[in-house]
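In our numbering, the protein residues as written are 42 to 306.
C-beta: ideal position from N, C-alpha, C; glycine also.
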């Protein structure tokens, strides 16, 4: 038997909150009722990436849909807390409004910020004050470890740069990459797995550092490189099939030859 619910031609945020609350009741949905913050945390990540996908594809209808899915995640988490008397959706809205006002002293206060750079600096200063962060190392520790590793590395490096701990230009960062490559090769030659992992991490970190000097987003750059690899690999597969080559049995020289041909296409 269906639950008592008045359907409408158009719904708003209040309706979403009511629907989520209903789904969590004994008369609602068994799956929704069984969820916890931990059980759906990966769903939140997936929905967020689907928003990014819609933005990258400039898909307006897709963006509208995926933003709704993200909003559903917010509503679900808020409802879970409301059920135990902790906070609700209105509390979340109140807190973000207060944060926006405090973090924009150049809009709601007496701080002057005439351009984007000054506005960002004003935001960061206000953020440090409200969070009680007094040192750059504290600021670095505040970067969530749950972020994708490349993104986290770039954020940490940016904070170090603001503290004056940085190369004068990209040449110093590039030289560091060469140094780290040699250290990784030496570790690989020694065959010490712990050293290999450490030096490989240092190499990746130094590569991310280079990206800052060329105004690149390391996460996006690697994504594009991965996409390019997939496109070329599909061409290699096609060339192999056309030439009667079994890729599992082909020599590395044959495969490399196919790869070079794929690069030309």
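Just to confirm my understanding: we take residue i, look at its own chain, exclude 5 residues before and 5 after, and list those with CB closer than 6 Å. What are they?
i	result
residue 194	246, 249
residue 237	228, 229
residue 273	303
residue 62	120
residue 192	260
Take residue i as the anchor and find which of the options has the nearest alpha-carbon.
i	options	result
residue 145	126, 173, 68, 168	168
residue 111	122, 83, 150, 161	83
residue 182	94, 200, 43, 49	200
residue 141	161, 156, 126	161
residue 151	143, 125, 251	143
residue 253	215, 288, 281, 177	215
residue 244	257, 235, 224	224
When the Cα atoms are used, what is the spatial distance from residue i to residue j?
i	j	result
residue 99	residue 277	30 Å
residue 175	residue 208	23 Å
residue 129	residue 118	9 Å
residue 147	residue 171	15 Å
residue 290	residue 283	16 Å
residue 60	residue 51	13 Å
residue 131	residue 239	46 Å
residue 217	residue 255	15 Å
residue 101	residue 213	42 Å
residue 113	residue 66	16 Å
residue 109	residue 134	16 Å
residue 53	residue 116	13 Å
residue 22	residue 231	This structure cannot speak to residue 22, because the chain is shown only from 42 to 306.
residue 86	residue 187	11 Å
residue 107	residue 279	35 Å
residue 58	residue 123	11 Å
residue 222	residue 197	21 Å
residue 287	residue 281	7 Å
residue 220	residue 74	54 Å
residue 233	residue 263	27 Å
residue 203	residue 56	45 Å
residue 69	residue 44	7 Å
residue 127	residue 297	60 Å
residue 173	residue 125	29 Å
residue 156	residue 163	11 Å
residue 49	residue 90	30 Å
Who are the near neighbours of residue i in its chain, counting only those whose CB is closer than 7 Å to its CB and skipping five residues on each side?
i	result
residue 189	260
residue 306	276
residue 103	95
residue 88	107, 110, 111, 114
Please indicate yes or no: does the CB of residue i lie closer than 7 Å to some heavy atom of the ligand ATP?
i	result
residue 134	Only the bare structure without any ligand can be found here, which leaves the ligand ATP out of the picture.
Below 8 Å CB to CB, which residues in the same chain sit around residue i once its five sequence neighbours on both sides are set aside?
i	result
residue 300	273, 277
residue 205	none
residue 159	147, 153
residue 295	286
Under 8 Å between C-beta atoms, does residue i make it to chain C?
i	result
residue 244	Among the chains of the structure shown, chain C does not appear; only one protein chain is present.
Every unbroken beta strand (DSSP E) within the segment 158-200, with a cutoff of 3 residues, ordered by chain:
none
Complete runs of the alpha helix (DSSP H) confined to the segment 127-154 [at least 4 residues]:
130-144, 146-149
At what residue ranges does the segment 92-128 contain a whole run of the alpha helix (DSSP H), taking only runs of 4 or more?
101-124
Return the chain-ordered ranges of every beta strand (DSSP E) run that is complete within the segment 46-77 and spans a minimum of 3 residues.
none
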